[in-house]
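In this note's numbering, the protein residues as written are 8 to 144. Input: a single structure, listed below in structure tokens.
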Amino acid sequence: MIVIAVDPGKSKIGIAVVNSVGGTITRKVCSRSSFCEDVEHYKTNYPTAHVVCGDGTRSEDIVKELREYGIKDIHLVDESNTTWEARKGYWARHRKPWYLFFMPSSMLKPRRNIDDFAAWVIAHRYIDANRDLHYKD
């Protein structure tokens, strides 16, 4: 199973493509105006992929735009606390400055936009909730 996850935002959209064992294929942050093309590109490369979207504030608009673009089968995933988990994921992959080593990762603000990591968290939540689908695809 391949999951294309979308973290909805006002101006930036996080996208992550993740396989069924949690391995990241790609992650990116794109503008609101171009995210449909990016999702369509990944959907073309992975035709059996499941498209999932966080159920946050802007999710209705994002799902509507994706459906108008031709992507019909979209699953919503609970988006609560994804920012905190995304921060932990970011700092797990990027070295913290030595003077911040003992500070909890979830409290540190990354040096860049982490919407792609939030999408990665959304993808993992979908995979964890649908483990049985792994064996069908």
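Each residue gets a CB set at the ideal place from its N, CA and C atoms; glycine is no exception. A quick note: this is a predicted structure, and the numbers were derived from the prediction, not measured.
Same chain only: Cβ atoms within 7 Å of residue i, ignoring 5 sequence neighbours per side
{"i": "TRP91", "result": "SER113"}
Inter-residue spacing [alpha-carbon to alpha-carbon] between residue i and residue j
{"i": "THR31", "j": "ALA23", "result": "7 Å"}
{"i": "CYS60", "j": "PHE108", "result": "33 Å"}
{"i": "ARG138", "j": "ASN88", "result": "21 Å"}
{"i": "ILE81", "j": "TYR106", "result": "43 Å"}
{"i": "GLU44", "j": "THR55", "result": "17 Å"}
{"i": "ASN120", "j": "GLY21", "result": "9 Å"}
{"i": "ALA136", "j": "GLU86", "result": "13 Å"}
Chain D within 8 Å of residue i, Cβ atoms only
{"i": "ARG94", "result": "Note that chain D does not occur in the displayed structure, where there is just one protein chain."}
Contact set for residue i: own chain, Cβ-Cβ below 6 Å, skip 5 residues either direction
{"i": "SER66", "result": "PRO15 and CYS60"}
Among the options, nearest to residue i - alpha-carbon criterion
{"i": "LYS17", "options": "VAL58, SER41, ASP80 and HIS57", "result": "SER41"}
{"i": "GLU72", "options": "ILE121, LYS35, VAL13 and TYR53", "result": "VAL13"}
{"i": "LYS35", "options": "LYS116, ARG74 and ASP123", "result": "ASP123"}
{"i": "LYS19", "options": "CYS37, TYR133 and LEU115", "result": "CYS37"}
{"i": "VAL46", "options": "LYS116, GLY29, ILE78 and ILE134", "result": "ILE78"}
{"i": "ASP68", "options": "ARG39, TYR49, TYR53 and THR51", "result": "ARG39"}
Residues near residue i by beta carbon distance below 8 Å, same chain, minus five either side
{"i": "LEU83", "result": "VAL59, CYS60, GLY61, ASP62, SER66 and VAL70"}
{"i": "ILE134", "result": "MET8, VAL10, VAL25, SER27, GLY29 and HIS141"}
Opening and closing residue of the beta strand (DSSP E) in which residue i lies
{"i": "LYS35", "result": "31-38"}
>> For the pair the stretch 122-130 and the stretch 85-101, tell me if three or more CB-CB distances fall below 8 Å.
In response: yes
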